[in-house]
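In this note's numbering, the protein residues as written are 298 to 579.
A quick write-up on the structure given underneath.
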Ligand SMILES: [Zn+2]
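Structural data, given as structure tokens:
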């Protein structure tokens with residue numbers, strides 16, 4: 298059932314435009330690519346793990362089981378037959394197709410919460426009641442709707458949920474184009490080390506974006522750095538570089554302005570730095 302599932306799912310545009318925080322989209326992406334470390338996926342990677350489903354302990358812990366077939370999942374969904382004999386990937390695709398009428402949001406919230414509940418049990422020995430899970434699903438759906446359905450946030454696709462940040466001073470160049478290019482290379486290397494595929498890189502340096510996306514070879518010094526950027530982007534996976542006006546990327550601009558006070562390149566994970574925390578939606 299799990300052979301080549303990656304080939305089945307192709308609705309990436311729908312998935313990446315879902316109005317949920319970027320880390321949730323990334324999580325859904327890992328679900329449909331069968332990359333989530335449920336026990337059956339770990340076994341295919343020769344990691345020895347004992348037991349069945351962490352929640353009901355009766356069936357094998359596959360991705361479709363934990364999100365759609367487990368008795369706990371069925372209670373959260375309020376139905377005994379979620380998949381209706383279609384594959385997990387087909388199910389996700391059908392729910393995403395309906396994302397105007399909230400089904401996609403509900404699916405994302407249920408999957409994400411069940412995964413959290415599963416991990417809380419596995420790693421912290423903490424169990425959630427079905428009513429707690431349902432309440433959490435409702436909270437997520439309403440907060441996503443509030444954050445991502447307002448006119449100004451839906452016009453910008455970078456929805457403002459914090460994943461991580463990276464900033465610092467670079468003593469590299471007086472030429473702004475060269476400085477932007479070296480900063481872009483630094484940022485791409487950082488993304489590569491963090492293993493963040495499917496990334497949209499937005500810059501206000503039009504020269505860099507045009508050159509990066511161009512087919513032509515540029516043998517200048519900057520051209521060679523841009524070529525290195527393309528190689529790094531290819532290693533990362535699906536990376537899109539696009540140009541935005543500085544005003545459309547306010548958070549990055551504020552962070553860059555504050556970077557003068559950071560002594561070295563600094564990274565923030567999960568919790569954003571104070572200078573931008575008020576600007577983020579979640
Ligand atoms: Zn189960």
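All residues carry an ideal CB built from backbone N, CA and C; glycine is no exception.
Just so you know, these numbers come straight off a predicted model, no measurement behind them.
DSSP places residue 566 inside the beta strand (DSSP E), whose first and last residues are 563-566.
In this structure, DSSP gives residue 463 an extended state, which the three-state scheme calls strand.
Going by DSSP, residue 539 is part of the beta strand (DSSP E) stretching over 536-540. Taking a cut-off of 6 Å from the heavy atoms of ligand 1, the residues with a C-beta inside it are 350, 352, 353, 356, 362 and 367. The region 390-406 and the region 432-446 touch, with no fewer than 3 CB-CB distances between them shorter than 8 Å.
Spanning the alpha carbons of residue 496 and residue 484 requires a straight line of approximately 12 Å. Ranked by Cα distance from residue 549, the options 520, 499 and 566 are led by 499. The beta carbon of residue 388 is closer than 6 Å to those of 380 in its chain, skipping five residues each way along the sequence.
By alpha-carbon distance to residue 371, the top candidate from 506, 427 and 329 is 427. For residue 496, the three-state secondary structure derived from DSSP is strand. Nearest C-alpha to residue 568 among 351, 460, 355 and 392: 460. For residue 385, the closest alpha carbon among the candidates 565, 478 and 328 is that of 328. Straight-line spacing of the CA atoms in residue 378 and residue 407 works out to 15 Å. Excluding sequence positions up to five before and after residue 489, its CB lies within less than 8 Å of the CB of 529, 532 and 533, all in the same chain and listed in chain order. In the displayed model, residue 318 falls within coil according to three-state DSSP, outside both helix and strand. The C-alpha of residue 503 is placed about 14 Å away from the C-alpha of residue 520.
Per DSSP, residue 509 is one residue of the alpha helix (DSSP H) stretching across 503-510. Annotation for residue 392: the continuous alpha helix (DSSP H) segment containing it runs 385-394. Comparing alpha carbon positions, the residue from 364, 463, 349 and 337 closest to residue 486 is 463. When 334, 309 and 353 are compared, the shortest CA-CA separation from residue 326 is found for 309. Residue 411: member of the alpha helix (DSSP H) spanning 400-421, first to last residue.
Within the same chain, Cβ atoms closer than 7 Å to the Cβ of residue 526 are found at 481, 482, 485 and 509, the five residues on either side in sequence being excluded.
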